[in-house]
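Counting in my numbering, the sequence shown runs from 165 upward without gaps.
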Amino acid sequence: MTQQNVVEIVQFKLTSGVSESDLMVANEAFQAWVQQQPGLLYRSLAKDSESLIYTDIIYWESMAHAKAVSDAFPSTEVCQQLTQLIDRSSVGITHHTIVSQSACTG
165 MTQQNVVEIV
175 QFKLTSGVSE
185 SDLMVANEAF
195 QAWVQQQPGL
205 LYRSLAKDSE
215 SLIYTDIIYW
225 ESMAHAKAVS
235 DAFPSTEVCQ
245 QLTQLIDRSS
255 VGITHHTIVS
265 QSACTG
């Protein structure tokens, strides 16, 4: 069986009183960390301007890569700093196996 790419989708809202500027500082540090992780293919962060829900989309080479980062997340300082800004009750995380994709040109 061939290895299948995985997309990880994390949705969340910010904790009350946290600004998007605060998030962008933490996001920059997180982006630098996640880019060093084996198996990362692509990451983007988007926001719904009406609901204020952020959607973090990360493409991984495999579920094993996604799981390894997920396992390291709670004990990594840069990740802890990011989670302090997030309303934990709003967090939803799903993983999906890619069945069709095109090249990312952005």
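Cβ coordinates follow ideal geometry from the N, Cα and C atoms, glycine included.
Alpha carbon to alpha carbon, how far is residue j from residue i? Give it in angstroms, no decimals.
i    : j    : result
Q167 : L204 : 14 Å
Q248 : Y218 : 15 Å
E184 : Q199 : 21 Å
F237 : Q245 : 11 Å
P202 : K177 : 27 Å
L240 : S264 : Note that residue 240 corresponds to Thr in the displayed sequence, not to Leu. Cα-Cα distance, rounded: 32 Å.
K231 : E214 : 31 Å
W197 : S208 : 14 Å
Can you round the beta-carbon distance between residue i and residue j to whole angstroms, since I take them to be within the 8 Å contact cut?
i    : j    : result
H260 : V171 : 5 Å
T179 : D235 : In fact, because the Cβ distance is near 24 Å, the residues do not count as touching under 8 Å.
Exposed or buried, what is residue i when buried is set at 16 or more other beta-carbons lying within 10 Å of its beta-carbon?
i    : result
A210 : exposed
V233 : buried
L187 : buried
A267 : exposed
A190 : buried
Give the secondary structure of residue i by DSSP, where H, G and I count as helix, E and B as strand, and everything else as coil.
i    : result
D212 : coil
E225 : coil
D186 : helix
T219 : strand
Q265 : coil
T179 : coil
Apart from the five residues just before and just after residue i, which ones in its own chain have a Cβ nearer than 6 Å to its Cβ?
i    : result
I173 : I221, T258
V182 : L249
Q175 : I217, T219, G256
Within the same chain, show all residues whose beta-carbon is closer than 7 Å to that of residue i, passing over the 5 residues directly before and after it, in chain order.
i    : result
Y223 : N169, V171, L205, Y206
M227 : V170, H259
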